[in-house]
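265 is the number that my numbering gives to position 167 of the sequence shown; each next residue is one higher, with no gaps.
See structure below.
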Amino acid sequence: MKPSVFFELVEIKAKTASVFPFLMGTLYSYYHWHSINALDLVLFFIAMFLFNMAVDINDNYWDYKNATGDDFRQKTNVIGVHNLNIHLVGWLDFSFTVIAAIIGLFIVYRTGLPLLYLGLFSFAVGFCYAGGPFPINRGPLGEFFSGFTMGYVIYLIAIYINVVNNPLVDLNFKFYGDALLSSLLTVFAISNLLLANNIADQKEDIGLGRKTLVYYLGKNNSIFILKWLYVLGYLALFCSVLLGLLPKLMLLTFLIIPIVYKNAKAFSNNPIKKKTFPLIIKNLLLITLTQTVTFILGVIFKL
(Lines of atoms letter the chains of each structure in order from A and count residues from 1; the text may use other names and numbers.)
(Lines give C-alpha, C1' and ligand atoms only; values in the text may rest on other atoms or scores of the structure.)
Protein backbone atom coordinates (compact mmCIF):
# COMPACT_ATOMS: atom_id res chain seq x y z
CA MET A 1 0.00 0.00 0.00
CA LYS A 2 1.42 3.37 -1.03
CA PRO A 3 1.90 5.94 1.76
CA SER A 4 -0.51 8.34 0.05
CA VAL A 5 -3.21 5.63 -0.03
CA PHE A 6 -2.53 4.71 3.61
CA PHE A 7 -2.86 8.34 4.67
CA GLU A 8 -6.14 8.55 2.78
CA LEU A 9 -7.36 5.33 4.43
CA VAL A 10 -6.60 6.64 7.95
CA GLU A 11 -7.80 10.15 6.99
CA ILE A 12 -4.61 11.75 8.21
CA LYS A 13 -5.88 15.26 7.40
CA ALA A 14 -8.54 14.95 10.12
CA LYS A 15 -6.07 14.13 12.91
CA THR A 16 -6.04 17.73 14.14
CA ALA A 17 -9.40 16.87 15.70
CA SER A 18 -7.56 14.70 18.25
CA VAL A 19 -4.05 16.20 18.43
CA PHE A 20 -5.10 19.72 19.42
CA PRO A 21 -7.49 18.61 22.23
CA PHE A 22 -4.61 16.50 23.55
CA LEU A 23 -2.28 19.52 23.52
CA MET A 24 -4.87 21.79 25.12
CA GLY A 25 -5.58 19.25 27.87
CA THR A 26 -1.88 19.12 28.64
CA LEU A 27 -1.68 22.92 28.71
CA TYR A 28 -4.75 23.07 30.99
CA SER A 29 -3.17 20.77 33.58
CA TYR A 30 0.08 22.74 33.53
CA TYR A 31 -1.69 26.12 33.65
CA HIS A 32 -3.70 25.22 36.76
CA TRP A 33 -1.45 22.81 38.67
CA HIS A 34 1.96 22.74 36.92
CA SER A 35 1.47 18.98 36.60
CA ILE A 36 2.96 16.99 33.72
CA ASN A 37 3.22 13.20 33.69
CA ALA A 38 5.55 12.88 30.70
CA LEU A 39 5.78 9.08 30.33
CA ASP A 40 2.07 8.33 30.51
CA LEU A 41 1.31 11.39 28.39
CA VAL A 42 3.57 10.18 25.57
CA LEU A 43 2.10 6.68 25.82
CA PHE A 44 -1.42 8.09 25.68
CA PHE A 45 -0.56 10.13 22.60
CA ILE A 46 0.70 7.00 20.82
CA ALA A 47 -2.38 4.98 21.84
CA MET A 48 -4.72 7.84 20.94
CA PHE A 49 -3.17 8.32 17.51
CA LEU A 50 -3.19 4.59 16.73
CA PHE A 51 -6.79 4.22 17.83
CA ASN A 52 -7.83 7.32 15.91
CA MET A 53 -6.36 5.77 12.77
CA ALA A 54 -8.04 2.45 13.60
CA VAL A 55 -11.43 4.18 13.92
CA ASP A 56 -11.07 5.84 10.51
CA ILE A 57 -9.98 2.55 8.95
CA ASN A 58 -12.98 0.92 10.63
CA ASP A 59 -15.29 3.63 9.25
CA ASN A 60 -14.05 3.09 5.70
CA TYR A 61 -14.19 -0.70 6.14
CA TRP A 62 -17.81 -0.77 7.27
CA ASP A 63 -18.90 1.93 4.84
CA TYR A 64 -17.52 -0.32 2.10
CA LYS A 65 -19.14 -3.45 3.53
CA ASN A 66 -22.53 -1.82 4.20
CA ALA A 67 -22.76 0.10 0.92
CA THR A 68 -25.97 -0.72 -0.94
CA GLY A 69 -24.51 -0.12 -4.39
CA ASP A 70 -21.25 -0.67 -6.29
CA ASP A 71 -21.17 2.97 -7.40
CA PHE A 72 -20.32 4.18 -3.86
CA ARG A 73 -17.84 1.34 -3.33
CA GLN A 74 -15.88 1.91 -6.53
CA LYS A 75 -16.08 5.69 -6.94
CA THR A 76 -16.20 7.11 -3.40
CA ASN A 77 -14.88 4.70 -0.77
CA VAL A 78 -11.07 4.64 -0.53
CA ILE A 79 -11.00 0.82 -0.38
CA GLY A 80 -12.83 0.41 -3.67
CA VAL A 81 -11.19 3.40 -5.40
CA HIS A 82 -7.71 1.97 -4.80
CA ASN A 83 -8.79 -1.68 -5.01
CA LEU A 84 -7.43 -2.48 -1.54
CA ASN A 85 -7.55 -5.97 -0.07
CA ILE A 86 -10.49 -5.83 2.34
CA HIS A 87 -8.95 -8.54 4.56
CA LEU A 88 -5.67 -6.63 4.81
CA VAL A 89 -7.59 -3.50 5.77
CA GLY A 90 -9.41 -5.48 8.47
CA TRP A 91 -6.16 -6.85 9.92
CA LEU A 92 -4.60 -3.38 9.89
CA ASP A 93 -7.59 -2.07 11.82
CA PHE A 94 -7.37 -4.96 14.30
CA SER A 95 -3.60 -4.53 14.82
CA PHE A 96 -3.81 -0.81 15.54
CA THR A 97 -6.69 -1.41 17.96
CA VAL A 98 -4.90 -4.15 19.90
CA ILE A 99 -1.70 -2.12 20.25
CA ALA A 100 -3.67 0.94 21.39
CA ALA A 101 -5.62 -1.20 23.89
CA ILE A 102 -2.46 -2.74 25.38
CA ILE A 103 -0.84 0.67 25.82
CA GLY A 104 -4.09 2.01 27.27
CA LEU A 105 -4.33 -0.80 29.84
CA PHE A 106 -0.74 -0.15 30.90
CA ILE A 107 -1.60 3.52 31.51
CA VAL A 108 -4.73 2.45 33.44
CA TYR A 109 -2.51 0.26 35.64
CA ARG A 110 -0.37 3.31 36.38
CA THR A 111 -3.12 5.91 36.83
CA GLY A 112 -6.38 4.28 37.93
CA LEU A 113 -9.84 3.08 36.93
CA PRO A 114 -11.36 6.43 35.80
CA LEU A 115 -9.11 6.23 32.76
CA LEU A 116 -10.43 2.73 32.04
CA TYR A 117 -14.00 4.01 31.95
CA LEU A 118 -13.07 6.90 29.67
CA GLY A 119 -11.12 4.54 27.44
CA LEU A 120 -13.95 2.00 27.23
CA PHE A 121 -16.37 4.79 26.30
CA SER A 122 -14.01 5.98 23.56
CA PHE A 123 -13.50 2.46 22.20
CA ALA A 124 -17.24 1.82 22.20
CA VAL A 125 -17.97 5.05 20.32
CA GLY A 126 -15.09 4.44 17.92
CA PHE A 127 -16.30 1.05 16.78
CA CYS A 128 -20.02 1.60 17.04
CA TYR A 129 -19.58 4.75 14.96
CA ALA A 130 -19.56 2.79 11.69
CA GLY A 131 -19.86 -0.84 12.79
CA GLY A 132 -22.38 -2.95 14.65
CA PRO A 133 -26.11 -3.40 13.98
CA PHE A 134 -26.89 0.30 14.54
CA PRO A 135 -23.92 2.41 13.38
CA ILE A 136 -23.83 5.88 14.95
CA ASN A 137 -22.88 7.54 11.67
CA ARG A 138 -26.10 6.30 10.07
CA GLY A 139 -28.27 8.00 12.70
CA PRO A 140 -28.89 11.44 14.20
CA LEU A 141 -26.35 11.29 17.06
CA GLY A 142 -23.10 11.24 15.11
CA GLU A 143 -22.43 14.95 15.63
CA PHE A 144 -22.85 14.63 19.40
CA PHE A 145 -20.65 11.58 19.82
CA SER A 146 -17.86 12.79 17.53
CA GLY A 147 -17.66 16.24 19.14
CA PHE A 148 -18.01 14.99 22.71
CA THR A 149 -15.53 12.13 22.37
CA MET A 150 -12.79 13.91 20.45
CA GLY A 151 -13.29 17.43 21.76
CA TYR A 152 -13.93 16.64 25.43
CA VAL A 153 -12.93 13.07 26.33
CA ILE A 154 -9.45 13.31 24.75
CA TYR A 155 -8.98 16.71 26.42
CA LEU A 156 -10.16 15.28 29.76
CA ILE A 157 -7.92 12.21 29.56
CA ALA A 158 -4.87 14.40 28.91
CA ILE A 159 -5.75 16.47 31.98
CA TYR A 160 -6.46 13.41 34.12
CA ILE A 161 -3.19 11.66 33.26
CA ASN A 162 -1.21 14.75 34.23
CA VAL A 163 -2.94 15.48 37.55
CA VAL A 164 -4.06 12.10 38.92
CA ASN A 165 -1.05 11.89 41.27
CA ASN A 166 -1.22 15.53 42.32
CA PRO A 167 -2.60 15.73 45.91
CA LEU A 168 -3.84 19.28 45.28
CA VAL A 169 -6.32 18.14 42.63
CA ASP A 170 -9.79 17.02 43.65
CA LEU A 171 -11.37 14.88 40.93
CA ASN A 172 -14.92 15.97 41.72
CA PHE A 173 -17.91 17.12 39.69
CA LYS A 174 -16.49 20.64 39.41
CA PHE A 175 -13.25 19.25 37.94
CA TYR A 176 -15.11 17.47 35.13
CA GLY A 177 -17.56 20.34 34.62
CA ASP A 178 -14.80 22.95 34.32
CA ALA A 179 -13.03 20.76 31.77
CA LEU A 180 -16.25 20.42 29.77
CA LEU A 181 -16.98 24.15 29.68
CA SER A 182 -13.42 25.02 28.66
CA SER A 183 -13.50 22.48 25.82
CA LEU A 184 -16.86 23.41 24.28
CA LEU A 185 -15.53 25.57 21.43
CA THR A 186 -13.47 22.59 20.27
CA VAL A 187 -16.37 20.18 20.85
CA PHE A 188 -18.72 22.27 18.71
CA ALA A 189 -16.14 22.87 15.97
CA ILE A 190 -15.64 19.10 15.66
CA SER A 191 -19.40 18.47 15.72
CA ASN A 192 -19.78 21.02 12.95
CA LEU A 193 -17.28 19.12 10.83
CA LEU A 194 -19.55 16.08 10.77
CA LEU A 195 -22.70 18.18 10.52
CA ALA A 196 -21.34 20.01 7.47
CA ASN A 197 -20.30 16.69 5.95
CA ASN A 198 -23.82 15.34 6.42
CA ILE A 199 -25.37 18.52 5.02
CA ALA A 200 -23.23 18.24 1.90
CA ASP A 201 -23.94 14.50 1.60
CA GLN A 202 -27.68 14.74 2.24
CA LYS A 203 -28.81 13.23 -1.06
CA GLU A 204 -26.10 10.56 -1.09
CA ASP A 205 -26.85 9.58 2.53
CA ILE A 206 -30.54 9.13 1.78
CA GLY A 207 -29.61 6.87 -1.11
CA LEU A 208 -27.37 4.85 1.24
CA GLY A 209 -30.09 4.54 3.85
CA ARG A 210 -28.48 6.88 6.36
CA LYS A 211 -30.88 8.86 8.54
CA THR A 212 -28.54 11.49 9.97
CA LEU A 213 -29.52 14.61 11.87
CA VAL A 214 -29.89 16.41 8.53
CA TYR A 215 -32.45 13.79 7.43
CA TYR A 216 -34.68 14.63 10.42
CA LEU A 217 -34.15 18.40 10.61
CA GLY A 218 -33.69 19.29 6.95
CA LYS A 219 -30.86 21.23 5.36
CA ASN A 220 -31.94 24.74 6.40
CA ASN A 221 -32.42 23.89 10.07
CA SER A 222 -29.11 21.99 10.10
CA ILE A 223 -27.30 25.02 8.67
CA PHE A 224 -28.93 27.16 11.38
CA ILE A 225 -27.59 24.78 14.05
CA LEU A 226 -24.12 24.81 12.46
CA LYS A 227 -23.93 28.60 12.72
CA TRP A 228 -25.18 28.69 16.29
CA LEU A 229 -22.77 26.00 17.47
CA TYR A 230 -19.93 28.35 16.57
CA VAL A 231 -21.65 31.14 18.53
CA LEU A 232 -22.21 28.93 21.58
CA GLY A 233 -18.62 27.71 21.41
CA TYR A 234 -17.25 31.23 21.52
CA LEU A 235 -19.64 32.09 24.35
CA ALA A 236 -18.29 29.09 26.30
CA LEU A 237 -14.73 30.28 25.65
CA PHE A 238 -15.58 33.76 26.97
CA CYS A 239 -17.20 32.30 30.09
CA SER A 240 -14.19 30.03 30.66
CA VAL A 241 -11.82 32.99 30.58
CA LEU A 242 -14.17 34.99 32.81
CA LEU A 243 -14.19 32.16 35.37
CA GLY A 244 -10.41 31.81 35.25
CA LEU A 245 -10.48 28.37 33.64
CA LEU A 246 -8.51 29.57 30.61
CA PRO A 247 -5.86 32.31 30.23
CA LYS A 248 -7.01 35.79 29.27
CA LEU A 249 -4.80 35.70 26.19
CA MET A 250 -7.12 33.05 24.75
CA LEU A 251 -9.55 35.88 24.07
CA LEU A 252 -7.29 36.53 21.07
CA THR A 253 -9.15 33.59 19.52
CA PHE A 254 -11.99 36.04 18.93
CA LEU A 255 -9.82 37.77 16.31
CA ILE A 256 -10.42 34.90 13.88
CA ILE A 257 -14.22 35.17 14.11
CA PRO A 258 -14.46 37.11 10.80
CA ILE A 259 -12.67 34.24 9.01
CA VAL A 260 -14.78 31.58 10.73
CA TYR A 261 -17.94 33.52 9.87
CA LYS A 262 -16.90 34.02 6.25
CA ASN A 263 -16.14 30.29 5.80
CA ALA A 264 -19.37 29.21 7.51
CA LYS A 265 -21.41 31.63 5.41
CA ALA A 266 -19.80 30.45 2.16
CA PHE A 267 -20.58 26.85 3.06
CA SER A 268 -24.13 27.68 4.16
CA ASN A 269 -24.88 29.46 0.91
CA ASN A 270 -23.58 26.60 -1.23
CA PRO A 271 -22.99 23.37 0.74
CA ILE A 272 -21.01 21.28 -1.75
CA LYS A 273 -18.64 18.55 -0.58
CA LYS A 274 -15.66 19.26 -2.83
CA LYS A 275 -16.12 23.03 -3.14
CA THR A 276 -17.14 24.52 0.21
CA PHE A 277 -16.90 21.68 2.78
CA PRO A 278 -13.09 22.21 3.02
CA LEU A 279 -13.90 25.64 4.47
CA ILE A 280 -15.42 23.94 7.54
CA ILE A 281 -12.29 21.80 7.83
CA LYS A 282 -10.27 25.02 7.75
CA ASN A 283 -12.48 26.45 10.49
CA LEU A 284 -11.72 23.47 12.73
CA LEU A 285 -7.99 23.75 12.09
CA LEU A 286 -8.02 27.51 12.59
CA ILE A 287 -10.03 27.38 15.81
CA THR A 288 -8.04 24.59 17.45
CA LEU A 289 -4.67 25.92 16.30
CA THR A 290 -5.45 29.45 17.51
CA GLN A 291 -6.68 28.15 20.86
CA THR A 292 -3.53 26.10 21.31
CA VAL A 293 -1.16 28.94 20.38
CA THR A 294 -2.95 31.47 22.60
CA PHE A 295 -3.05 28.90 25.42
CA ILE A 296 0.73 28.49 25.13
CA LEU A 297 1.16 32.27 25.24
CA GLY A 298 -1.13 32.42 28.27
CA VAL A 299 0.97 29.83 30.08
CA ILE A 300 4.23 31.59 29.19
CA PHE A 301 3.14 35.09 30.12
CA LYS A 302 0.72 34.00 32.86
CA LEU A 303 -2.08 36.07 31.39
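Ideal Cβ positions, reconstructed from N, Cα and C, are used throughout, including at glycine.
Because the structure is a prediction, the values reported are computed rather than measured.
A distance below 7 Å between beta-carbons, with the five flanking residues on each side excluded, links PHE286 to the following residues of its chain, in chain order: GLY245, LEU327, TYR328, LEU330, GLY331. Leaving aside the five residues that flank LYS317 on each side, the residues in its chain whose CB is nearer than 8 Å to its CB run, in chain order, ILE297, GLN300, PRO369.
The beta carbons of GLU241 and LEU293 sit closer together than 8 Å.
By the criterion of a C-beta distance shorter than 8 Å, VAL251 is surrounded in its chain by LEU216, PHE219, SER220, once the five residues flanking it on both sides are discounted.
In the DSSP assignment, LYS380 falls within the alpha helix (DSSP H) that extends over 375-399.
The beta-carbon separation of TYR258 and PRO212, rounded to 6 Å, stays under the 8 Å limit for a contact. For ASP268, no alpha helix (DSSP H) encloses it, and the DSSP letter there is neither H nor E. For HIS185, the enclosing alpha helix (DSSP H) stretches over residues 184-209. In the DSSP annotation of this structure, the continuous segment of the alpha helix (DSSP H) that includes GLY331 starts and ends at 317-340. The Cβ atoms of LEU383 and THR114 sit closer than 8 Å to each other. Per DSSP, the unbroken alpha helix (DSSP H) holding SER366 starts and ends at 355-367. Counting only the Cα atoms, ASP268 lies some 45 Å from SER102. Contact fails between the stretch 338-352 and the stretch 369-380, because fewer than three Cβ pairs, one in each stretch, are under 8 Å apart.
In the three-state scheme derived from DSSP, where H, G and I count as helix and E and B as strand, VAL176 is classed as helix. The beta carbons of ASN260 and LEU137 sit no closer together than 8 Å. Secondary structure of TYR227 (DSSP, three-state): coil. The Cβ atoms of VAL397 and PRO345 lie closer than 8 Å to each other. When only Cα atoms are considered, ASN183 and PRO376 end up about 29 Å apart.
Assigned with DSSP and collapsed to three states, ILE297 falls in helix. Per DSSP, reduced to three states, the secondary structure at ILE370 is coil, with no helix or strand assignment. For GLY224, the CB contacts under 6 Å within the same chain, skipping 5 residues up- and downstream, are VAL153 in chain order. Contact check for MET122 and THR390: beta-carbon distance about 6 Å, within the 8 Å limit, so the pair qualifies. In terms of Cβ geometry, ILE201 and ALA256 do not form a close pair [threshold 8 Å]. Taking ILE323 as reference, the option from LEU343, LYS363, PHE352, ILE354 with the minimal CA-CA separation is LYS363.
Note on geometry: alpha-carbon atoms of ILE110 and VAL117 lie some 11 Å from one another.
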